[in-house]
Each structure stands twice: as structure tokens, then as C-alpha cells.
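One point on numbering: in the working numbering, the residue at position 218 of the sequence shown is 1247, and numbering is uninterrupted. Built from N, CA and C at the ideal position, the CB exists for glycine as well.
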Amino acid sequence: MVEIRKLKTAKLMKKVMADHFYEIDAAMKAGNPKVAWCTSVGPAELLRAMGFVVYFPENHAAILGATRTATDYIPVANAIGYSPEICSYLTADVGAYLKGFTPLAKIYDGIESIPKPDVLVYNTNQCRDVKDWFEWYARRWDVPCLGIESYVNVGEVTETHVQGIAGQFKKLADDLTAATGNKLDMDKLAETVWLSRKCSDLWKEVLEMATHKPSPLTFFDGTIHMGPAVVMRGTQVAIDYYETLLEELRGWVAEGVAAVPGEKFRIYWEGMPIWGKLRENAELFLRLKTAVVASTYCNSWIFTALDGNDPWNSMARAYTELFIVRDDDYKEEYFIKMKELFDYDGVIFHDAKTCPNNSNCRYGLPQRLQEKAGVPFVTIDGDLNDLRCYSEEQAITKIEAFIEQLGERQ
Ligand code: SF4
1030 MVEIRKLKTA KLMKKVMADH FYEIDAAMKA GNPKVAWCTS VGPAELLRAM
1080 GFVVYFPENH AAILGATRTA TDYIPVANAI GYSPEICSYL TADVGAYLKG
1130 FTPLAKIYDG IESIPKPDVL VYNTNQCRDV KDWFEWYARR WDVPCLGIES
1180 YVNVGEVTET HVQGIAGQFK KLADDLTAAT GNKLDMDKLA ETVWLSRKCS
1230 DLWKEVLEMA THKPSPLTFF DGTIHMGPAV VMRGTQVAID YYETLLEELR
1280 GWVAEGVAAV PGEKFRIYWE GMPIWGKLRE NAELFLRLKT AVVASTYCNS
1330 WIFTALDGND PWNSMARAYT ELFIVRDDDY KEEYFIKMKE LFDYDGVIFH
1380 DAKTCPNNSN CRYGLPQRLQ EKAGVPFVTI DGDLNDLRCY SEEQAITKIE
1430 AFIEQLGERQ
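Printed below as a string of C-alpha cells:
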């Protein structure tokens, strides 16, 4: 069996993530600074500039998935009316809360629960589920729930879109002040947006290390190392982390170290990770000498539009330009651009049962991509957190057959 190569920086990652959770836990216990919950592609910069510590429930839900506890708690949320068909981040997180469980308590000494928020702040740019999720906690704890209602299925992002969302950002700042007393510091906002932009640029550079042949990292490494880009963008900590990671990756590239020794094929992973099967999937691709070199998922935390000189409009643009917000014409072009950049041989579309928003194989896109750009693809059925929706045997058979076909093409 070939071993998964671990980057040394992974140790630093553990510390950075621990510090993040301890900081929020301490704030909650002391009642200062106030705690804001935020969606993963939500207005984190604004919240930091208003003096909140920021907690990301999707990160918590992914930990429930990765620790394979999610499937135990999803039925608890189903029993109170939250369908097994809706986001399994939402159902796993709410179910775990109702049972008084959090994996954080097992991982971090002294942390007993998820942090109770002073305010919950969403952006529906990714889906409606995040709003429903936050509203459930808002009712439970009687705390304010505020947010941005985004456009969906956007082709070209126009000034009308940008002005509309920028206006909502400004109103959100006023509403946050009214709800919590925290005030916006415009200098701090500019600084936070710059820090976020720097983090985004570094994260992009990390992911583009996989354009090298052989690639020094895979999608499965990306799902781990994306942590700081998700939960700490807008801070110096995230920047320092990616500078360290990049240094190690540059060393690997210089020495020709391959994440997948004997790399023969290069794959693009489209859709959500299957959190409870990351290790198994990483090992499967290792065995098939296939490097999963790129993914829409990891790319979702690249926000090149952010600009500290124009924080409102640039935040509005960055959070509207996201892949998940866009229409299929944009997405097709995006996959073609990614093919040019990463030189992948084919695409695996993960049809995640409970996340139609991040499953792009339901409206003929893979077929059009194949016709237009000759991109071979395979679709696997599964889910991000609900392992009852994933048939491992079937997925392995499909992936093995797909790689065999790629071999015949070569
Ligand atoms: S995008 Fe998908 S996985 Fe993420 S919160 Fe929405 S439904 Fe859940």
C-alpha cells in the first residue's frame, strides 16, 4: 500500500485551528468580544472590522462529517421536520446540537460546546439552506439573524449586481450596530479586506502549485489546508500560514516530490468532498496513480476582486463572482479555463444528494463540456455528510472504470 505523503505544515495547521476555536470559546465565556456566526462565503471581513470574533458553522459541520459522526445526528434533525433531502451540514449540525454533541469537545480540552452567538450573519450566495440553518438557532436562542440576500444563476456580474449587494452590505453594518452595539471602523474594514485579499492570493498560489507535473498536492490535501482561508481570512494568521505552506510546497516542486508517486492521470473534482471518506478516496486515487489536481470546492475561497481601497464594492463583487452564484455558461467556460491551467484528463462530478447547489451535473453541463471541449467525465452519487447516500463499492467501480478509459485514450 502506498502511503499518503503528509506536508509538515499540517502540524502548524492543527495549532492554528486550535487557536481559532480557543479564541472563540474564550470570547463566548467572557462575553467579550461578541461572537458572530458567519456563513463560509459570507461577510467575514465586515464582521471582523466591527470587532466580532467569527465562528463558521459549516466548518463545524464538515468536522462532524470528517469524524463520521454526522450520519448519527442527521435523523435527529429529520425528526423535527428538517428533511433528509436538505443540506446535511444543516441537519448534522442541528441534530448534534439537540443531542448536546460537538466533536470540538473531543478534540480540544476545555471546550464543551459550540459557541453561542450574539448575532448570526448569513449570505445566501451559496444557498437558501444557510439562512434556514441560522434562523433555527436564532429562534432557539432568541438572537438576531441578519444577512445578505444574493443573486443566483448570474451570467456576467454587472454594476447593477455590485451596487445592489454593496447597498445590502452597508445596511447590514447599520443593522449590526443597532442589534449589538458594535460599530464599524472604516480603517479596520480597509485593512481587513486587504488581509483577506492577501490570504486569497496566497491560497490561489497554493492551489496552483498543482499545475506542476507531478503535482505536490491533491484535492484531499486542499480540503485540509483550506481551513485558514475559510475561518481566518482577514487575519495575519492566515497569511503567515499560507506563506509557510507555500515554502514547503515550493521545496517539494524543486525536488520533484509527487503527492501521487508515479502520477499517470490528472483529475478535476467537481462538487463537494465526501468528508467521511476523504482518507479512503485519497488512497483509492493513490493506488490508481491519479492525482486529483483541482476542484471547484477548494477554489471557492479565492476572492481576487477584494480591494481595500474600495471595500464595499469589492466585497460585493467578490461575493457575487463566486462559481456557485453563476450560470451554466459561465461554469462551462470556467471548466475549460481550469483544463488549460491544470491540464487535467477528466472530471469527476460528485452528485451530492443533499447539496444541489454544489452539484453541477443535473442540467446537462458534463455532456455539453464533453461535446464542446472533449472533456471525459464520470458522475458519482454521494453526499458531503450523509454517508447513507454514498455507495462506496459503486463509486469505486465507476472511478476505476473511468481511469481505465482514460488509460485507453492515452
Ligand atoms: S452549499 Fe450545499 S453544503 Fe453548503 S450549506 Fe448550502 S446546501 Fe449545505
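Problem - aspartate 1161 Cβ short of 7 Å to the ligand SF4 heavy atom set - result: Not one heavy atom of the ligand SF4 falls within 7 Å of the beta-carbon of aspartate 1161.
Exercise for the section: Check the Cβ-Cβ distances between asparagine 1338 and every residue of chain D, and say whether any is below 8 Å. Expected result: Checking the listed chains, one finds no chain D in this structure; it contains a single protein chain.
Exercise for the section: Verify the contact flag: tyrosine 1118, CB atom, against every heavy atom of the ligand SF4, threshold strictly below 7 Å. Expected result: yes
Problem - Contact under 8 Å by Cβ, threonine 1349 with asparagine 1154 - result: yes
Practice task
Just tell me which of Met1079, Gly1129, Ile1331 has its CA closest to the CA of alanine 1207.
Solution key: Met1079
Exercise for the section: Give the range of the alpha helix (DSSP H) segment to which isoleucine 1365 is assigned. Expected result: Taken as a continuous stretch (DSSP letters only), the alpha helix (DSSP H) holding isoleucine 1365 covers 1357 to 1371.
Exercise for the section: Verify whether the separation of the beta carbon atoms of leucine 1133 and isoleucine 1143 is less than 8 Å. Expected result: yes
Problem - Rounded separation between histidine 1254 and tyrosine 1359 - CA only - result: Answer to the nearest angstrom: the Cα atoms are 27 Å apart.
Exercise for the section: Spell out a yes or no on whether the stretch 1035 to 1043 and the stretch 1247 to 1265 are touching, meaning 3 or more CB-CB pairs, one atom from each, closer than 8 Å. Expected result: yes
Handout entry: CB of arginine 1346 within 8 Å of CB of valine 1191, strictly
Key = yes
Problem - CA nearest to the CA of tyrosine 1373, picked from Trp1298, Lys1306, Glu1422 - result: Comparing Cα positions, the closest option is Trp1298.
Practice task
Starting from threonine 1206, follow its DSSP beta bridges and name the residues at the other end.
Solution key: The partner list for threonine 1206 (beta bridge, DSSP) is empty, contrary to what the question assumes.
Practice task
Identify whether threonine 1096 lies in helix, strand or coil by the three-state DSSP scheme.
Solution key: Shown here, threonine 1096 sits in coil according to DSSP, grouped into three states, outside any helix or strand.
Problem - Cutoff 8 Å; reference asparagine 1088; Cβ partners in own chain excluding five residues on either side - result: Within the same chain, asparagine 1088 has close Cβ partners Ser1069, Gly1256, Val1259, Val1260.
Practice task
Kindly examine the ligand SF4 and report whether one of its heavy atoms sits closer than 7 Å to the Cβ of aspartate 1158.
Solution key: yes
Problem - Separation of phenylalanine 1364 from aspartate 1357, as counted between CA atoms - result: 10 Å
Handout entry: Nonlocal neighbours in the same chain, by C-beta distance under 7 Å from threonine 1209, ignoring five residues either side
Key = Lys1063, Asp1147, Val1148
Practice task
Report the three-state DSSP secondary structure of tyrosine 1348 (helix, strand or coil).
Solution key: coil
Handout entry: Unbroken alpha helix (DSSP H) run spanning serine 1324, endpoints
Key = First-last for serine 1324: 1319 to 1324, but that is the beta strand (DSSP E), not the alpha helix (DSSP H).
Exercise for the section: Please find out if some non-hydrogen atom of the ligand ATP comes closer than 7 Å to the beta-carbon of cysteine 1418. Expected result: Ligands displayed in this structure: the ligand SF4; the ligand ATP is not among them.
Practice task
Along the alpha helix (DSSP H) that carries aspartate 1230, what are the first and last residues, could you check?
Solution key: 1215 to 1237
Practice task
Give the secondary structure of leucine 1149 by DSSP, where H, G and I count as helix, E and B as strand, and everything else as coil.
Solution key: It is a strand residue.
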